[in-house]
Amino acid sequence: MRIALCSSFVPFVNGGYRNIVEWLEAALIENGHEVERVYLPEVDEPDLLFRQMAAFRFVDLSAADRIICFRPQAHLIRHPNKIVWFIHHLRGFYDLWDNPMYRGFPDDAKHRGIRDALRAVDTAALEEARRVFANSRVVSERLSRFNRIDSEPLFPPVHRPERFRFRTMNDEIVCICRLEHHKRQHLLVEALKHCRSGVRLRLCGTSAGTGYSSAVAQLANDWGVAERLTIDQRWITEDEKADRLGDCLAAAYLPVDEDSYGYPTLEAAHAGKPVLTVSDAGGVLEFVTHGVNGLVAEPDAVAVARAMDQLFEDRAATRRLGEAATARIAEMNISWSHVLERLLA
Amino acid sequence: MKVLVVNNMAPFVRGGAESLAEHLVKHLEIAGHEAELLRVPFQWEPATRIPSQMLMARAFELQNVDHVIALKFPAYLIQHPSKTIWLVHQYRQAYDLYDAGHSNLPAGQAGADIRNLIKNADDQCFRGARRLFAISDVTQQRLAHYNGLHADILRAPINDPERFTGGAPQGYIFAGGRINAAKRQHLLVEAMAFASKDVRLVVGGPPDTPGDARLLQETVERLGLRDRVRLELRYLDRQEYADFINGALAVASLPFDEESFSYVAMEAATAGKALLSTTDSGGVLGLAKHGETGWVADPSAEALAEAMSAAWIDASRTQELGAAAKSLWESHQINWPATVAALMS
């Protein structure tokens, strides 16, 4: 089958939004399909939104037998065999509308007008699709609440998950993701100050600007925890990632109200490691249940520190949580064979 | 600097410009820039939808990009304050092919309107560009003729010059590249019947049609040349192709009225091989100079045979011609560092 994978992108910005597309591409090619990856730019600026949406309507992919659309506003592309694997809305106009900090524009008549028109267009474009999948239950619920669209949660697997294996358990909790404020590495660093055990922390990742990463390093110095902390400020290779996860004590992933469980959670689980997260991490909680396959702390430094100490001190329990995390993957049916079966149905 | 290369995408079809764009990205990175490729889908049938796809290209917004290098219509219509156009070609069916009666634009006023629209958009886009380069003399001439604009010529370098190291001649003349009637490999085979019995010929490359392959095979049989002509009628892996060039006594390239130097001639000159061409081969004659860098024969089997024999009989002279071809090629300064510098200027 000739399949076009369509997504919007920001040039030079990498992240999970590209992984879901490119890993699916690899899986489809492995299964004998012809794939064209269509990345089109989009800027989420209210005043520029509708002309860009018109551009998406003009995209002609009639040469494809089927298209699969990911990041907005790629779902606006027209095609008789349109499948949408929805990963998020333009959230400022949806679930973050009531949050002035994340919304980024005023709640006035103009922006309410844009919001309502955008929602109407999204709904119409999603209704054109043969099937709509969501990458998490959170996103599926939003589609239902805001667009009255029924969608099936379809959890994105990681690329070649067999790369991640349990090897040993050292003293380190690792956090491998972009180094950004909304990923809350600062909370982990602050927690180190309250830890009473010999637990160590390793942060791996890069940030868009230099502000946050240097602030985190500064915090570590201010609180005198720099000796128990390693900051690897770069995009580590996939092999290094497999090594870090294979050898660590546990993984930490503390995003603010994430849309899905996030690849860091899944990668840790493949390596037999539990994830430490927080109660307001959103989609991560679809995967992690406190005391079953990971730990869910309140989002404050003392509570996070207590959880870190617990992972360090009761290693047998930590190992059991990690095994349960691996089992959770199969329980949620997170696999490429399932993804391909559903997307090509 | 963050440089976005913008090219067309004909979904599920790969052409020469795609490879050019990928190599441009690679060499921008080698020069220390961050580079990424944006491929804008373009479907030119039905022609009545061309205007909406032009609008599409114009309506996309770019952020996080410092400089754009755009190659083809309509992708080059994308808006950016720092845009350099390296024109591979315009939409020829609105220009020279329109005049020649080979256009897919509708007849009558509708076609004339689309043609004007394309020309006006081109005029505005080219005039607003930071720099405008044409990839060949023909492209430059068309721009001058139809749009009244001057563009400097910036020829496409060889994508992988490091493979063409040269080497000891193994006694054969090599004709590489796509095989079809216009490239006239059959004329070389016929010439072998008249050439010195010591001369051997290798023809290697993918035939455009089964008929092109059959013509060569039948000619070899008819003239009883099996011992002296080797036909490798298939797509050659790049290194295999380079090995044939590197081991050749001389390299033949006799396309009819070629627009450019032709990749085969450029690669042969890089490897320091004497060139064999014909008086009607157009752009190739920029590199193939009779008695200086090789032989330029009349396009007849007898004349070509004489040149082939000469290449064999005075092998040291042939090597001198090859060395001269290499210096002539190098004097053109067509290499990636110079190309990247021009496109970033």
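Each protein sequence line maps, in turn, to chains A and B. Residues 4 to 348 (this note's numbering) make up the first sequence, in order. Residues 7 to 351 (this note's numbering) make up the second sequence, in order. For every residue, glycine included, the Cβ atom is placed at its ideal position computed from N, Cα and C.
query, result
"Between the CA atoms of G212(A) and H95(B) - distance to the nearest angstrom", "39 Å"
"Distance, E238(B) Cα to M272(B) Cα", "21 Å"
"Contact residues within the segment 61-84 of chain A, judged by C-beta distance below 7 Å to chain B", "F61, V62, D63, L64, S65, A66 and A67"
"7 Å Cβ cutoff met for Y290(B) and S333(B)", "Note on residue identity: the sequence assigns Val, not Tyr, to residue 290(B). It is not a contact, given that the beta carbons lie outside the stated cut-off."
"Residues from the segment 28-57 of chain B in contact with chain A, defined by Cβ distance under 7 Å", "E40, E42, L44, P47, Q49 and R55"
"Length at least 4, wholly inside the segment 199-272 of chain A: the alpha helix (DSSP H) runs in chain order", "214-225 and 241-250"
"Segments of 3+ residues assigned as beta strand (DSSP E) that fall wholly inside the segment 202-284 of chain B", "206-210, 235-238, 256-258 and 280-284"
"Near-chain A residues of the segment 281-296 of chain B - C-beta to any C-beta below 7 Å", "none"
"Any chain A beta carbon closer than 7 Å to N10(B)", "It is Leu, not Asn, that sits at residue 10(B) in the sequence shown. Answer yes: the Cβ-Cβ gap between L10(B) and chain A drops below 7 Å somewhere."
"Three-way DSSP call (helix, strand, coil) for S10(A) in this model", "strand"
"Per-residue contacts from L51(A) into chain B (C-beta, under 8 Å)", "E67"
"Proximity below 7 Å, CB of E264(B) to CB of G288(B)", "yes"
"Beta-carbon contacts of A181(B) that lie in its chain and below 6 Å, excluding the five residues immediately before and after", "Q191, L194, V209 and A258"
"Cutoff 6 Å; reference I124(B); Cβ partners in own chain excluding five residues on either side", "Y97 and A100"
"Proximity test, Cβ basis, 7 Å: M62(B) and chain A", "yes"
"Minimum Cβ-Cβ distance from P17(B) to chain A less than 7 Å", "yes"
"Member of L61(B), A256(B), T345(B) and H108(B) whose CA lies at the smallest distance from the CA of I179(B)", "A256(B)"
"Beta-ladder partner(s) of H293(A), from DSSP", "G297(A)"
"Residue interval of the beta strand (DSSP E) (run including K295(B))", "Note, K295(B): premise wrong, no beta strand (DSSP E); not H, not E."
"Limits of the unbroken alpha helix (DSSP H) element including F149(A)", "R140 to N150"
"Classification of I56(B) by the beta-carbon crowding that lies within 10 angstroms, buried from 16 upward", "buried"
"Span of the beta strand (DSSP E), counted from its first residue to its last, around P47(B)", "E40 to P47"
"Validate contact between the segment 14-21 of chain A and the segment 78-85 of chain A using beta carbons, cut 8 Å, 3 pairs", "no"
"Same chain, Cβ closer than 8 Å to L232(A), neighbours up to 5 away in sequence not counted", "V192, L195, R203, L204, R205, L206 and A223"
"Chain-ordered neighbours of V24(A) on chain B, where CB pairs are closer than 9 Å", "None at all; the shortest Cβ gap to chain B is about 14 Å."
"Any beta strand (DSSP E) of 3 or more consecutive residues that is wholly inside the segment 148-183 of chain B", "178-182"
"Delimiting residues of the beta strand (DSSP E) encompassing H36(A)", "Segment: none, H36(A) is in no beta strand (DSSP E) and carries neither H nor E."
"CB contact below 7 Å: Q85(B) versus chain A", "no"
"Q59(B): contacting residues in chain A (beta-carbon distance under 9 Å)", "F61, V62 and D63"
"Residue of V259(A), C198(A), F169(A) and A7(A) minimising C-alpha distance to P277(A)", "F169(A)"
"Chain A within 7 Å of V71(B), Cβ atoms only", "yes"
"Nearest candidate by alpha-carbon position, reference V62(A), set I23(A), S11(A) and L93(A)", "S11(A)"
"Limits of the alpha helix (DSSP H) - the one that I124(B) falls within", "G114 to G134"
"Contact set for A127(B): own chain, Cβ-Cβ below 7 Å, skip 5 residues either direction", "M60 and L83"
"E39(A) at chain B interface by Cβ criterion, 7 Å", "yes"
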